[in-house]
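Structure record follows, encoded as structure tokens.
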Amino acid sequence: MEPHTLLAARWHYGRMEIHFLGAANTVTGSQFLLITERARVLIDCGMFQGSPQEVVRNHVPLAYDPASLDAIVLTHAHLDHCGLIPHIVAGGFNGPIYATRGTIELAALVLLDSGKLQEEYAKRHRHWAVKNPDKAAVEDQRDLEKIQAQEQIAEQEEAASGSASSASSAASAPSVAASPAAALHPGDLTPDGHVVASGMDELALHDEQGMGTRLGFPPVGHPDHEAAMAGSPVNPNLVLEEPLYDLAQAQNSLALFRPVEYDASVVVAPGITAVYHDAGHILGSSIVELHVDAQKGVPARTLVFSGDLGRSHAPILREPTVLSQADYVLVESTYGGREHEPEDESLEHLAQAVKDVVAQGGVLLIPSFAIGRTQEVVWALQHLLDAGRIPQIKLYLDSPMASKASTIYRERTDYYDADTLALLAKGEGPIDFPGAKETPLAAQSELIDRSKRPYVLVASNGMLTGGRVLNHLRTLIGDPKTIILFVGYQGEATMGAHLQAGAKTARVDGQEYTVRCAVRSINGFSAHADESQLLDWLGHFIDGRKAGDAGVPKRIFIVHGDAEAQQAIEPKIQALGLPTMAPHWHQRVVLD
Numbered sequence: 012m013e014p015h016t017l018l019a020a021r022w023h024y025g026r027m028e029i030h031f032l033g034a035a036n037t038v039t040g041s042q043f044l045l046i047t048e049r050a051r052v053l054i055d056c057g058m059f060q061g062s063p064q065e066v067v068r069n070h071v072p073l074a075y076d077p078a079s080l081d082a083i084v085l086t087h088a089h090l091d092h093c094g095l096i097p098h099i100v101a102g103g104f105n106g107p108i109y110a111t112r113g114t115i116e117l118a119a120l121v122l123l124d125s126g127k128l129q130e131e132y133a134k135r136h137r138h139w140a141v142k143n144p145d146k147a148a149v150e151d152q153r154d155l156e157k158i159q160a161q162e163q164i165a166e167q168e169e170a171a172s173g174s175a176s177s178a179s180s181a182a183s184a185p186s187v188a189a190s191p192a193a194a195l196h197p198g199d200l201t202p203d204g205h206v207v208a209s210g211m212d213e214l215a216l217h218d219e220q221g222m223g224t225r226l227g228f229p230p231v232g233h234p235d236h237e238a239a240m241a242g243s244p245v246n247p248n249l250v251l252e253e254p255l256y257d258l259a260q261a262q263n264s265l266a267l268f269r270p271v272e273y274d275a276s277v278v279v280a281p282g283i284t285a286v287y288h289d290a291g292h293i294l295g296s297s298i299v300e301l302h303v304d305a306q307k308g309v310p311a312r313t314l315v316f317s318g319d320l321g322r323s324h325a326p327i328l329r330e331p332t333v334l335s336q337a338d339y340v341l342v343e344s345t346y347g348g349r350e351h352e353p354e355d356e357s358l359e360h361l362a363q364a365v366k367d368v369v370a371q372g373g374v375l376l377i378p379s380f381a382i383g384r385t386q387e388v389v390w391a392l393q394h395l396l397d398a399g400r401i402p403q404i405k406l407y408l409d410s411p412m413a414s415k416a417s418t419i420y421r422e423r424t425d426y427y428d429a430d431t432l433a434l435l436a437k438g439e440g441p442i443d444f445p446g447a448k449e450t451p452l453a454a455q456s457e458l459i460d461r462s463k464r465p466y467v468l469v470a471s472n473g474m475l476t477g478g479r480v481l482n483h484l485r486t487l488i489g490d491p492k493t494i495i496l497f498v499g500y501q502g503e504a505t506m507g508a509h510l511q512a513g514a515k516t517a518r519v520d521g522q523e524y525t526v527r528c529a530v531r532s533i534n535g536f537s538a539h540a541d542e543s544q545l546l547d548w549l550g551h552f553i554d555g556r557k558a559g560d561a562g563v564p565k566r567i568f569i570v571h572g573d574a575e576a577q578q579a580i581e582p583k584i585q586a587l588g589l590p591t592m593a594p595h596w597h598q599r600v601v602l603d
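For the sequence shown, the working numbering begins at 12 and goes up steadily by one.
Now the structure itself:
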């Protein structure tokens, strides 16, 4: 692919501006650029995921020169908030990246895994391209056209925002030199020393974060998935020959992280002070409050970035911090128009699923993402066991990343809520289910399916787009004594969504399987605030006051939500008396 070019906007430093470079009319790709007369600060730097039209935006030329940034302010460690940081660093950024200690430790897991997986996917595609140069040239041209189409959208929004953009060239992240990767077949010995028992793709099994779908590979179950995983890109999905960054570049980016504490003021750039507050979403997650000093023609301003807000009364972590004053607020809207089921109902559904598999001597398979969700599921099972609502049962935790994340959760007790700290004082851990067995090695994972039943198996990832859960799915999907229990949102076109919709067949590992297992869902385990909780949080910014009063936001920018969610919640925010705006991707807004 041709090197990326940078869209170098002609910023007007006599005013304050915010540039919405991600999470605008979509949930992912969080990235907001704040411009003042003295500084440029990037808030979050996440990867896009979802539809091919969104995934391609990860490859659109940057709207700024990374070397011109003063700092990056990171709200938390999920890939859609931090996943492009190594790409920005490789492009020339060398400033501080501010985050809580919990976020830094989790982000290291996420970014190193991302870099490694991108290398492997790129190797696979290059191997195919060497053997199929003519097809590769056609696909490269199609990829370029997709990028250019999204670039044109970005440029049109730049123009509509009132300032022209001009392009200046800069090198993209250096490519990775690698030898072609040989395909693995049944009976082959893998690098970690186990024998491949089937044709299940090893790269997919290691993909706990669903990186393949984030890079444009069709999801598991899609008719074109196997061809794409073999290296052949398939329209309309985008598969590029070079990774956004590699493992070494991810490692290099970690040296720039700087720890901050909750509720402490830190000067992050000239004229900009940040205060991090607990967001209650995952360990170390933050609401970021930025205080911008007065500048020419613009008084001092306070901007609040919600990041991802946790749901109320969630276990382990504290409640999202309540704030009451700001000039501008950027609020997530993931669950606009939707409400979670009550926690008691969610726990009862989980308890019933456990009791059902015990009664029939079956398996409860819980697909779960490694960071945040797995820890909460273990907490819930432990809570039910302690309350006598479920019998003792074997629990397998089959996710190397979840095991590492759980270690961080156990060590970072300073982020726990009062109830969890009380458990610790009695010598009880919040995510230490009695007899739970973690399986970090692939050989250990393969033995789970031979274990005596009944048992509960929690495996990554949560949408069945990658990870070891795919191996278990192939074994269990046709078993009427198995229950697959989804505990989180299932993205469009994923295997998880396919099964949730009542599919009678499913394609796994290139084979068609009849779905004989039971499929159930719980929606109360989300790590996001639902609509009522979002409105409650925002209501504190105007409680007892009216628009125009001191401390009441001039505008609420609705971000981190798809169009349907934003349309659902926007009139309800306005009904609170707060002016709103749902910005478009690449839109710039002047903050007066």
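Glycine is no exception: its CB is placed at the ideal position from the N, C-alpha and C atoms. In this text the structure is predicted, and so the values were computed from the model without any measurement.
Apart from the 5 residues on each side of it in sequence, Ser125 sits with its Cβ closer than 7 Å to the Cβ of Leu90, Gly94, Gln220, Met222 and Ala261 in its chain, given in chain order. With respect to Glu130, Pro254 sits close: the two C-beta atoms are nearer than 7 Å. The Cβ atoms of Ala362 and Leu395 lie closer than 7 Å to each other. Judged by their CB atoms, Ile115 and Pro270 are nearer to each other than the 7 Å cut-off. In the three-state reduction of the DSSP assignment, Val84 falls in the strand class. Each of His360, Glu48 and Gly102 was checked against the Cα of Ala74, and the nearest Cα belongs to Gly102. Here DSSP, grouped into helix, strand and coil, assigns Ile533 to coil. From the listed residues Arg26, Arg349, Val526 and Glu581, the smallest Cα separation to His539 is found for Arg349. In this structure, the CA atom of Asn36 is about 15 Å from the CA atom of Asp319.
Counting every other CB atom within 10 Å of its CB across the protein chains shown gives Asp430 a total below 16, marking it as exposed. Sequence-distant Cβ neighbours of Arg329 in its own chain, meaning closer than 6 Å and more than five residues away, are Asp289, Gly291 and Asp428. For the pair of segments examined, the segment 397-405 was found to touch the segment 459-470: the number of CB pairs separated by less than 8 Å reaches three.
Following the DSSP letters along the chain, one finds Glu350 in no beta strand (DSSP E), marked with neither H nor E. Of the candidates Glu300, Ser537, Tyr287 and Ala50, the residue whose Cα lies closest to the Cα of Glu354 is Ser537. Pro270: member of the beta strand (DSSP E) spanning Phe268 to Val271, first to last residue. The straight-line gap separating the alpha-carbon atoms of Gly383 and Val84 is approximately 21 Å. Segment contact: the segment 557-574 against the segment 582-589, three or more CB-CB distances shorter than 8 Å; contact assigned.
Residue range Ile96 to Ala101 is occupied by the alpha helix (DSSP H) that includes Ile99, with no beta strand (DSSP E) assigned at that position. In the DSSP annotation of this structure, the continuous segment of the alpha helix (DSSP H) that includes Tyr420 starts and ends at Pro411 to Glu422. Residue nearest to Met592 within the set Glu457, Ile108 and Leu341 is Leu341 (criterion: CA-CA distance). Taking 8 Å as the upper bound for CB-CB distance, Ile442 and Tyr420 are in contact here, some 6 Å apart. Here the segment 483-494 lies against the segment 523-537, with 3 or more beta-carbon pairs under 8 Å apart. Here Lys127 is near Leu258, since their CB atoms are less than 7 Å apart. Relative to the Cα of Ile298, the nearest Cα in the group Pro77, Leu549 and His351 belongs to Leu549. Excluding the 5 residues flanking it on each side, Asp338 has same chain C-beta neighbours closer than 8 Å at Arg312, Thr313, Leu314, Pro564, Lys565 and Leu602, in chain order.
Judged by DSSP secondary structure, Pro378 falls within the beta strand (DSSP E) whose first and last residues are Val374 to Pro378. Under the Cβ criterion (8 Å, minimum of three pairs), the segment 501-508 counts as touching the segment 472-479. Between Pro326 and Trp390, the C-beta gap is smaller than 7 Å, which places the two residues in contact. Annotated three-state conformation of Tyr132 is helix, per DSSP. Between Ala34 and Ser41, the CB-CB gap stays under 7 Å.
Here Lys492 carries a coil assignment [DSSP, helix/strand/coil]. Apart from sequence neighbours up to five positions away, the residues of its chain that approach Ser414 with a beta-carbon distance below 6 Å are Glu449 and Pro451, ordered along the chain. For Ile293, DSSP records no beta bridge to any residue. Within 10 angstroms of the beta-carbon of Thr516 lie fewer than 16 other beta-carbons, which makes it exposed.
Shortest Cα-Cα distance from Ala88 to any of Phe104, Asp560 and Gly113 involves Gly113. The straight-line gap separating the alpha-carbon atoms of Asp520 and Ser79 is approximately 46 Å.
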